């Protein structure tokens, strides 16, 4: 047994030595290979936060800690961690490691307290995504909507009183251009990720064509794929006092409107004057990430504006990393109604 243990230790040492020997370092940049003391001029200090009370609730998710990290980075901005004062943030399923000032540590402590609040875990939100052809739906609903501030100018936000929600839903659902994307799945508990993608077939195009005598056809086509589609994600987080709800959301849409032909001369032995068309796709793309806040006792309507959407965007499908939609590019007014489930 001792001999086996010695052999394993020797093998590990040999692998480690080999890895160290393979690192040659920079050729021109100045560097020092040592464990230097971390900068602390601004009073930075280490905190290691236990994430398992939250992440253990989602054993089937590959990276449940990402919801917390995304929330922090949305508030601070990614650049915040790469400028003075020196700071570090890193996470895995079990721990969140933070090296920063007392003010930053206090902010992160408050965020984690909200994610770990078991009492507020019972609060469930309803998220409904609607599509409309034009923004004139506001003509008959304006009296129910009260403008509410949002940080990005390309989106709009309104709050609705609890009593006005049924009338609002009735007004827009009567329209001939109305589509509700996620009628079969709309509930999301506090702190959980809600996600939606739309299904469709894969889109391919011929990017280039080259003469190739070795090919039976006399040429080869360079075929590429485009990930078209619409995706919406949101994570709700109730405030410490239970009066406000914050929603971190992101949406992305990529749709090929059409492919433009590129005539190329591809002469072959059987067709010396042959012309074949390669293609250049005309792509419409939208991507938004933001956070909104609203009173928990009211509903919030998020207007994402006119976004390119696939024409056949009407089939329910739960969140999937491989869920892709495809179709002719048309623009739709995308609305997201968010409210506590008892409203």
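In our numbering, the protein residues as written are 284 to 626. All C-beta atoms, glycine included, are put in the ideal place defined by N, C-alpha and C. None of these values were measured; they are calculated from a predicted model.
Asked	Found
Quick check: what's the CA-CA separation for residue 334 versus residue 348?	7 angstroms
By DSSP, does residue 443 sit in helix, in strand, or in coil?	strand
Who pairs with residue 375 in a beta bridge, going by DSSP?	According to DSSP, which records beta bridges pairwise, residue 375 is partnered with nothing at all.
Leaving out five residues on either side along the sequence, give the residues of the same chain with a beta carbon under 6 angstroms from the beta carbon of residue 605.	Caution applies to residue 605, whose pLDDT of 30 falls short of 50 and renders its modelled position unreliable; the value that the coordinates give is listed next. So the list is empty, once near-sequence residues are dropped.
In terms of residue numbering, what span does the beta strand (DSSP E) encompassing residue 622 cover?	612–623
Would you kindly work out how many angstroms separate the C-alpha atoms of residue 501 and residue 541, rounded to a whole number?	28 angstroms
Can the beta-carbon of residue 574 be found closer than 7 angstroms to that of residue 411?	no
Taking 6 angstroms as the cut-off, is the CB of residue 343 close to at least one heavy atom of the ligand SAH?	The ligand SAH is not part of this structure, which contains no ligands at all.
Using only the alpha-carbon positions, how far apart do residue 616 and residue 416 sit?	6 angstroms
How many angstroms separate the CA atom of residue 568 from the CA atom of residue 587?	13 angstroms
Which complete beta strand (DSSP E) runs does the region 312–399 hold, if anything under 3 residues is left out?	328–333, 371–374 and 378–383
Counting along the chain, where does the alpha helix (DSSP H) carrying residue 448 start and finish?	448–456
Apart from the five residues just before and just after residue 536, which ones in its own chain have a Cβ nearer than 6 angstroms to its Cβ?	513, 569, 590 and 591
Whose CA, out of 526, 382 and 376, lies closest to the CA of residue 342?	376
Would residue 378 and residue 331 qualify as a contact pair, given that the criterion is a beta-carbon distance under 7 angstroms?	yes
For residue 321, which of 384, 354 and 362 has the nearest alpha-carbon?	384
Rounding to the nearest angstrom, what Cα-Cα distance links residue 466 and residue 560 in this structure?	42 angstroms
What's the gap between the Cα of residue 305 and the Cα of residue 316?	14 angstroms
Could you give the DSSP three-state label for residue 422: helix, strand or coil?	helix
Which residues does DSSP list as the beta-bridge partners of residue 542?	564
Just to confirm my understanding: we take residue 381, look at its own chain, exclude 5 residues before and 5 after, and list those with CB closer than 6 angstroms. What are they?	330, 372 and 391
Name the DSSP bridge partner or partners of residue 583?	442 and 621
Would you list the residues sitting across from residue 573 in a DSSP beta bridge?	532
By the three-class DSSP mapping on this structure, what secondary structure does residue 305 have?	helix
Pairing CB atoms from the region 549–557 with CB atoms from the region 493–511, are three or more of them under 8 angstroms?	yes
Of all the options 435, 507 and 619, which has the alpha carbon lying nearest to the alpha carbon of residue 477?	619
Using CA coordinates, which residue listed in 451, 464 and 413 is at the minimum distance from residue 422?	451
Does residue 360 pass the burial test, meaning 16 or more other C-beta atoms within 10 Å, or should it be called exposed?	exposed
When the Cα atoms are used, what is the spatial distance from residue 517 to residue 553?	57 angstroms
Determine the direct distance from the alpha carbon of residue 319 to that of residue 533, and round the result to whole angstroms.	39 angstroms
Going by the DSSP bridge assignment, what does residue 491 pair with across the sheet?	505
Along the chain, where does the beta strand (DSSP E) that runs through residue 550 open and close?	No beta strand (DSSP E) holds residue 550; DSSP gives it neither H nor E.
For residue 434, which residues of its own chain have a beta-carbon under 7 angstroms away from its beta-carbon, when the five flanking residues on both sides are left out?	573
For the beta strand (DSSP E) containing residue 518, list its first residue and its last residue.	512–521
Less than 7 angstroms between the C-beta atoms of residue 531 and residue 474, yes or no?	no
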